[in-house]
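Enquirer: Protein chains in written order, with UniProt numbering: chain A, 1 to 257; chain B, 1 to 257; chain C, 1 to 257; chain D, 1 to 257. Using N, Cα and C, we set each Cβ at its ideal position, and we do this for glycine too. Keep in mind it's a predicted model, so treat the numbers as computed, not measured. This is the structure I have questions about; it appears just below.
Number of protein chains: 4
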Amino acid sequence: MSDLLTIADKTFSSRLFTGTGKFSNSQNMRDAILASESELVTVALKRVNTTDLEDDILTHLNHSSIHLLPNTSGVRTAEEAVFAAQLSREALHTNWVKLEIHPDPKYLLPDPIETLKAAEILVKEGFVVMPYIHADPVLCKRLEDVGVQCVMPLGAPIGSNKGLKTLEFLEIIIAQSNVPVIVDAGIGSPSHAAFAMELGADAVLVNTAIAVSQNPIEMAKAFKLAVQAGRMGYNAKLAPIKQTAEASSPLTSFLNA
Amino acid sequence: MSDLLTIADKTFSSRLFTGTGKFSNSQNMRDAILASESELVTVALKRVNTTDLEDDILTHLNHSSIHLLPNTSGVRTAEEAVFAAQLSREALHTNWVKLEIHPDPKYLLPDPIETLKAAEILVKEGFVVMPYIHADPVLCKRLEDVGVQCVMPLGAPIGSNKGLKTLEFLEIIIAQSNVPVIVDAGIGSPSHAAFAMELGADAVLVNTAIAVSQNPIEMAKAFKLAVQAGRMGYNAKLAPIKQTAEASSPLTSFLNA
Amino acid sequence: MSDLLTIADKTFSSRLFTGTGKFSNSQNMRDAILASESELVTVALKRVNTTDLEDDILTHLNHSSIHLLPNTSGVRTAEEAVFAAQLSREALHTNWVKLEIHPDPKYLLPDPIETLKAAEILVKEGFVVMPYIHADPVLCKRLEDVGVQCVMPLGAPIGSNKGLKTLEFLEIIIAQSNVPVIVDAGIGSPSHAAFAMELGADAVLVNTAIAVSQNPIEMAKAFKLAVQAGRMGYNAKLAPIKQTAEASSPLTSFLNA
Amino acid sequence: MSDLLTIADKTFSSRLFTGTGKFSNSQNMRDAILASESELVTVALKRVNTTDLEDDILTHLNHSSIHLLPNTSGVRTAEEAVFAAQLSREALHTNWVKLEIHPDPKYLLPDPIETLKAAEILVKEGFVVMPYIHADPVLCKRLEDVGVQCVMPLGAPIGSNKGLKTLEFLEIIIAQSNVPVIVDAGIGSPSHAAFAMELGADAVLVNTAIAVSQNPIEMAKAFKLAVQAGRMGYNAKLAPIKQTAEASSPLTSFLNA
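Written as structure tokens, this is what we have:
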């Protein structure tokens, strides 16, 4: 009856991955992440403060259910990304890395060329590589070919909360992928997360939509339920879309009999 | 901490209303409806078989948590609808009625003129009237003016599973309604239901999408969670949609320092 | 080779109907309307100034190619609409009337009940009735039954420029209508107008999008071409939408031979 | 007056580029392309039959207004693409090339890595490179950096006729590009082409939608007008989208005075 997600050597009950950015304070962040029941939480290396242990983000995320996923946010080239990944492996004692390379300061969109280059190097160095990329089906296959453990195509520009604007391409990516597909960026509401799961995504990563909500803890719970709902809907098989109506109530003829 | 929905004299914990059509058999129907935790279940008068008690739909729905909502499905005029409502009040000992008048045999879309006419009569006769209508904001106000207890605008043609195709108008209806707004028809997946709740709908009615799923019980649970998720998201206030990206991970500058 | 549109006793070469509101001045309005080559131009009775002939809107629209279509904009009931139509017949010597009844001051959405009531009266009084209505397929059929000469369903709230947000219902209306279908309200760009025509609409009515453009004359020409393009596309039959790709260029195998 | 498009050393009056695939016969193809008034026509190298001059596609396209644009359709790597481009330069006496590299036989989506690699080589070899790519804003900038003369992002999978499914990203590409942006693939109807132009695209490339229409010549004219309409709408500045209605007809108060 289990419906677990496996990535590399880890198995997850929750298909909702979260992040640590944009929360108003660390306590809020911790409470929301625990409420989400997320088991994989991404953290930017920059935010890891190894000198001031009191306020360090890691202290707040030190919980048995949470695996930390350092990301390379802020780098602009493959070389910088590889270096950041190596640093994070040292600092956080994990060989998992969310590979994010975005040279573009305005839209923060990922660079396909540098991402493939860095992925190839990092895989060889023994990293579990989770690349954040455009919803480009060909790029996804090439990343799979160099040995990444999943692909993380974007739904919409990061922080836009616009939902699955790349729908046509996510469908292709999901149809042809041999590694888990995790929709990352753009998911702005629980219904977006449920929709991604209904399409057959293996997981979603949500950060902004929880962190900037008026009530992050409640919103975290909402996303938890939405991801479960979408996954259950996917497993139970959705009803097909029809062009003509079909009444669910049978027509009563007795009034005209 | 409660977030209950009140219609007329009844209070509901669940904002997922369901129907009884299209299930493969009565046991399946009963199990799915109980799994959905729905407290208001619509039933076509035609399906109520008062002579054959063994197989009667009412036997299967005889559960303390379930309120039956007879509908007038199959009628084509106000006169027929009023007669059907009177019959159902006799048969089911309830003054609640879901008013459905669709002269159109192909798309089963509701008739605005006959619906308003019947609503006015039925309200005067003491019915709690829940009209199924096009997502027409002016019609909703007129129905409210004659005393209906809620409005039930459609999201898409019934049985189409297309979702909230009337979005622009549902937003207006929700913004200006003084009675509960229940999105009815067209909801084909859990994410559609969550989306309706995020918009501020008070409840949704789902039938086809549960009944024709490969696993109606699992799908019923999925809708239950999705409605909860959407409502929680609405209550916690969704993050705004942005035109430019905003990284959730702060940019790290140390690599270039 | 002609592809003319007939409504009542008039035949139109142009399927672009226009309006006279919101232009910065009367000269601008006249020039844009002539540039659009529109042959049916709606005018609010209020704007007809029969006492000040110098600045009267009618002077500017006195052109052999232009038929004036008085509208009842501003009325809130059937009774007011009938009175307005009678006044306009007197003032403008035409029995054509665009029937607009919107009690709602904020969204200016049409009232289905009052519109049907007024249409029935006006048809009996010999008017050519062109009703502006919600994209409600059942209402369209009822209006057809009482003898209107066309139906004018809205694409989106008037002045919103959002395009064909009622697509699902316009398709049904077009499929089942026996009178011309003219998409009115919401058309904000030439592509919206082309799209309406591709769906099989018989004409579109555009006002705001031309009048408030930075260059109304150029925009009027753009709409003229877009309506022609959409109609030609409809007549030539659009290519079907496909789920898998099909290259238009044949795959070359010679490189691998 | 003039609103010309310049790419490398050529100037175009028409912003509609076309292709030669999928037509039922060569005469049909020629007539449709002439009717479209397209000045840049892409042709797959494979279709150029230099031995059988009678039926050769080039004979049919030998017209003073038409510039041929050989494409590399069918290649799967940068190396193959460079070779194909060199062959086409020999055969067609042009240094222009539409760079298409799609290793994926099902969806025919372009490979970002190989495309950038080939573009860099071809630019150095003196080609005017027009790359067909995913609507990836970062890739577009990188291609611009290596010296391509335009970018050709896709609207939807080739041959799908689904329109501008990559809208969110086309907007970004157009906003930040320093070379012309030509929307290629997915444009299935005149309204799609008009929409691309309204967004600010510099041109569109249409093939399937014209070739497989029931009446390719009429459809070609429809696209010609639609591209003009969209461009004129863009130049005249579209009216903004509004959330609340604004009547174009002023409210008449006289009936209530």
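1) In angstroms with no decimal places, state the Cα-to-Cα distance between A135 (chain D) and T166 (chain D).
2) Taking only beta-carbon atoms, is L122 (chain C) less than 8 Å away from chain D?
3) Just to confirm, are S36 (chain D) and K224 (chain D) a CB contact at a threshold of 8 Å?
4) Does the region 98 to 108 of chain D come within contact of the region 123 to 134 of chain A, defined as at least 3 CB pairs closer than 8 Å?
5) Which one of B:S191, B:K242, B:M152 has the shortest CA to CA distance from S177 (chain B)?
6) For I174 (chain A) and R76 (chain A), I'd like the C-alpha separation in whole angstroms.
7) Have a look at the DSSP bridge pairing and note the partners of Y107 (chain A).
8) Can you find a C-beta in chain B that's less than 8 Å from the C-beta of M219 (chain A)?
9) Return the CA-CA distance between K22 (chain C) and L40 (chain C), expressed in angstroms with no decimal places.
10) Output needed for V148 (chain D): all residues of its chain with C-beta closer than 6 Å, excluding positions within five of it in sequence on either side, in chain order.
11) Tell whether a beta-carbon distance below 8 Å holds between V138 (chain D) and D104 (chain A).
12) Give the DSSP bridge partners of P70 (chain C), in chain order.
13) Please state the DSSP three-state secondary structure of A119 (chain C).
14) Is the beta carbon of N71 (chain A) sitting closer than 8 Å to the one on A44 (chain A)?
15) Taking the continuous alpha helix (DSSP H) assigned at F127 (chain D), which residues delimit it?
16) Look at the Cβ atom of V227 (chain C), then the Cβ atom of A193 (chain C), and state whether they are nearer than 8 Å.
17) When you compare the CB positions of F17 (chain D) and T42 (chain D), do they come within less than 8 Å of one another, or not?
18) Just list the residues that DSSP pairs P153 (chain D) with in beta bridges.
19) Tell me which same chain residues have a C-beta within less than 6 Å of the C-beta of R30 (chain B), skipping the five on either side of it?
20) Would you grab the beta carbon distance between A196 (chain A) and G230 (chain A) for me? Rounded to a whole angstrom, and I think it's under 8 Å.
21) Taking the beta strand (DSSP E) that V97 (chain C) falls in, what are its first and last residues?
22) Flag A32 (chain A) as yes if its beta-carbon sits less than 8 Å from any beta-carbon of chain B, otherwise no.
23) Got a sec: is the Cβ-Cβ distance from E168 (chain A) to anything in chain B below 8 Å?
24) Beta-carbon separation of L154 (chain A) and L199 (chain A) under 8 Å?
25) With distances taken between CB atoms, is the gap from P190 (chain B) to N28 (chain B) smaller than 8 Å?
26) Report the option in B:S160, B:A239, B:L143 whose CA atom is closest to the CA atom of residue 269 (chain A).
27) Quick one: is T252 (chain A) buried, meaning 16 or more other Cβ sit within 10 Å of its Cβ, or exposed?
28) Within this structure, are the beta carbons of I133 (chain C) and V82 (chain C) separated by less than 8 Å?
29) Does DSSP put G19 (chain D) in a helix, a strand or coil?
30) Looking at chain D, is there any beta carbon in it that lies within less than 8 Å of the beta carbon of Y132 (chain A)?
31) Check D145 (chain B) in the structure and name its three-state DSSP category.
32) Taking C-alpha atoms, which residue in A:L69, A:S73, A:S64, A:S160 lies nearest to Q243 (chain B)?
33) Less than 8 Å between CB atoms is the rule here; does A78 (chain C) satisfy it with respect to chain B?
34) Measure from the C-beta of N25 (chain B) to each C-beta in chain A and report whether the shortest distance is under 8 Å.
35) Let me confirm a value: E91 (chain A) is counted as buried when at least 16 other C-beta atoms fall within 10 Å, else exposed. Which label applies?
36) Measuring alpha carbon to alpha carbon, tell me which residue in D:S26, D:C150, D:D9, D:K221 is nearest I57 (chain D).
Expert: A quick look at the data gives this:
1) Note on geometry: alpha-carbon atoms of A135 (chain D) and T166 (chain D) lie some 6 Å from one another.
2) L122 (chain C) does not count as touching chain D.
3) Yes, these two residues count as a Cβ contact at 8 Å.
4) The way I'd put it, the region 98 to 108 of chain D doesn't touch the region 123 to 134 of chain A; fewer than three beta-carbon pairs between them come closer than 8 Å.
5) For S177 (chain B), the nearest C-alpha among the options comes from B:M152.
6) In this structure, the CA atom of I174 (chain A) is about 27 Å from the CA atom of R76 (chain A).
7) Looking at the DSSP output, Y107 (chain A) sits in no beta bridge, so it has no partner there.
8) Chain B has a Cβ within less than 8 Å of the Cβ of M219 (chain A).
9) Each residue's Cα considered, the two are about 17 Å apart.
10) Excluding sequence neighbours, V148 (chain D) sits near A119, V129, P131.
11) Yes, these two residues count as a Cβ contact at 8 Å.
12) Note: P70 (chain C) sits in a beta bridge opposite C:V43.
13) It is helical.
14) Cβ distance < 8 Å, so N71 (chain A) and A44 (chain A) count as in contact.
15) No alpha helix (DSSP H) holds F127 (chain D); DSSP gives it neither H nor E.
16) A193 (chain C) is positioned such that its CB atom lies closer than 8 Å to that of V227 (chain C).
17) Yes, Cβ-Cβ distance for F17 (chain D) and T42 (chain D) is below 8 Å.
18) Partner(s): D:I133.
19) Residues of the same chain with a CB within less than 6 Å of the CB of R30 (chain B), apart from the 5 flanking positions on each side, are H60 in chain order.
20) About 7 Å; that satisfies the 8 Å criterion.
21) Per DSSP, V97 (chain C) belongs to the beta strand (DSSP E) from 96 to 99.
22) Taking CB atoms only, A32 (chain A) has no neighbour in chain B less than 8 Å away.
23) Cβ-Cβ to chain B under 8 Å: no for E168 (chain A).
24) Here L154 (chain A) is not near L199 (chain A), since their CB atoms are 8 Å or more apart.
25) It is not a contact, given that the beta carbons lie outside the stated cut-off.
26) Here chain A covers residues 1 to 257 and nothing more, so residue 269 (chain A) does not appear.
27) Here the model assigns T252 (chain A) a pLDDT of 36, short of 50, so the residue's position is not dependable, and the following value carries that caveat. In summary, T252 (chain A) is buried, with 16 or more beta-carbon neighbours lying within 10 Å of its beta-carbon over all protein chains present.
28) Not in contact: I133 (chain C) and V82 (chain C) (Cβ atoms no closer than 8 Å).
29) Strand, per DSSP.
30) The beta-carbon of Y132 (chain A) is placed no less than 8 Å from the nearest beta-carbon of chain D.
31) If DSSP states are grouped into helix, strand and coil, D145 (chain B) belongs with the helices.
32) The residue with the shortest Cα to Cα distance from Q243 (chain B) is A:S160.
33) It does not: the Cβ of A78 (chain C) has no partner Cβ on chain B nearer than 8 Å.
34) No, N25 (chain B) lies away from the interface with chain A (no Cβ there is under 8 Å from its Cβ).
35) Correcting the residue type first, residue 91 (chain A) is Ala in the shown sequence and not Glu. Residue burial is scored here from C-beta neighbours: A91 (chain A) has fewer than 16 other C-beta atoms within 10 angstroms and is therefore classed as exposed.
36) Checked all of D:S26, D:C150, D:D9, D:K221; the closest Cα to I57 (chain D) is D:S26.
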